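Going by the working numbering, the first residue of the sequence shown is number 1018, and it counts up by one from there.
Okay, so here's the structure we're looking at.
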Amino acid sequence: MERLEQISRNTREILQRLPPGVTLLGAAKGRTPDEIRAALAGGLVELGHNYVQEAARSIDAVGRHCARWHLIGHLQRNKARRAAELFDQIDTLDSAALAEELDKRCAAAGTVLPVLLEINSAAEERKSGVLPDEAEALARRVAGLEHLRLEGLMTMGPLDEDPRRCRQAFRLTRQLLEHLRSLHLAGAPLGQLSMGMSSSWQAAVEEGATQVRLGTALFGPRPA
Ligand SMILES: *Cc1c(COP(=O)(O)O)cnc(C)c1O
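Below you can see the structure in the form of structure tokens.
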């Protein structure tokens, strides 16, 4: 019980510390429904999962309408249909092929899906995400798809979470978002910038994040 109360308290405290215009997403991988409910009790409204299967179990247990559910892990094309049904937003769109598959699924369902492009802002290390140089071409493709709405960008930053390199990656992603905005693409509001984790969220906020994604800072260390 004590531990669950701590999760609610952590959530409330971080929500109070975030400046206006910055929202909090709980990164819920490996967390139980009780832990997720404790964060919701503390005021959390956005939740992210890395895997379609795990998200489906959480959504089942916690309730579809108790939160806005994001996919924050890499999506494979063969899971696009399930993902389009399950999530309120996909934060990790990183290829034209995946965009077209999601668009097709949403067209069939008669829905419009909010998406973020995941930017591989520490290009030498990460395998997922679109490279900064290729982001404009992908943004133009996605903006042209009727059943996707391009809401902004997401990035992870470097694997080692080195503070200086994190900040550089965040700044680069923010500049990229400003560039894409300057194109005035129809169908692409581009108002969201999702970046910053437990060790880097203050820097991310300073660099212009509109949403931070926290796991450890809300839920405590993950069980091994
Ligand atoms: C786990 C995870 C986070 C949160 O990481 P913490 O360091 O635990 O805050 C954020 N974003 C993604 C994509 C994650 O997988």
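No residue lacks a Cβ here, since even glycine has one placed at the ideal position from N, Cα and C.
As the structure is a computational prediction, the values presented were derived from the model and not from experiment.
Taking 7 Å as the cut-off, the Cβ atoms of alanine 1084 and valine 1069 do not count as close. Annotation for aspartate 1108: Gly1065, His1087, Leu1088, Ile1089, Val1132, Leu1133, Glu1135, Met1171 and Ser1211 place their beta carbon closer than 8 Å to its own, counting only its chain and skipping 5 residues before and after. In chain order, Gly1174, Pro1175, Ser1217 and Ala1220 place their CB closer than 7 Å to the CB of cysteine 1183, counting only its own chain and leaving out the 5 sequence neighbours on each side. Relative to ligand 1, arginine 1230 has its C-beta within less than 6 Å of a heavy atom. Here DSSP, grouped into helix, strand and coil, assigns isoleucine 1076 to helix. At least one heavy atom of ligand 1 falls within 6 Å of the beta-carbon of threonine 1233.
Here the C-alpha atom of leucine 1041 lies approximately 10 Å from the C-alpha atom of glycine 1213. As the crow flies, the alpha-carbon of valine 1147 is around 5 Å from that of asparagine 1137. Within the same chain, Ser1138, Ala1139, Thr1172, Gly1174 and Pro1175 come within 7 Å of alanine 1186 by CB-CB distance, once the 5 residues on both sides are set aside. Taking the Cα positions, valine 1039 is about 4 Å away from threonine 1227.
Taking all protein chains in view, the Cβ of proline 1149 is crowded by 16 or more other Cβ atoms within 10 Å, so the residue is classified as buried. Here isoleucine 1031 is actually not in contact with leucine 1155; their C-beta atoms are around 32 Å apart, not less than 8 Å. For valine 1079 against leucine 1110, the beta-carbon gap comes to about 25 Å, at or over 8 Å, which does not count as contact.
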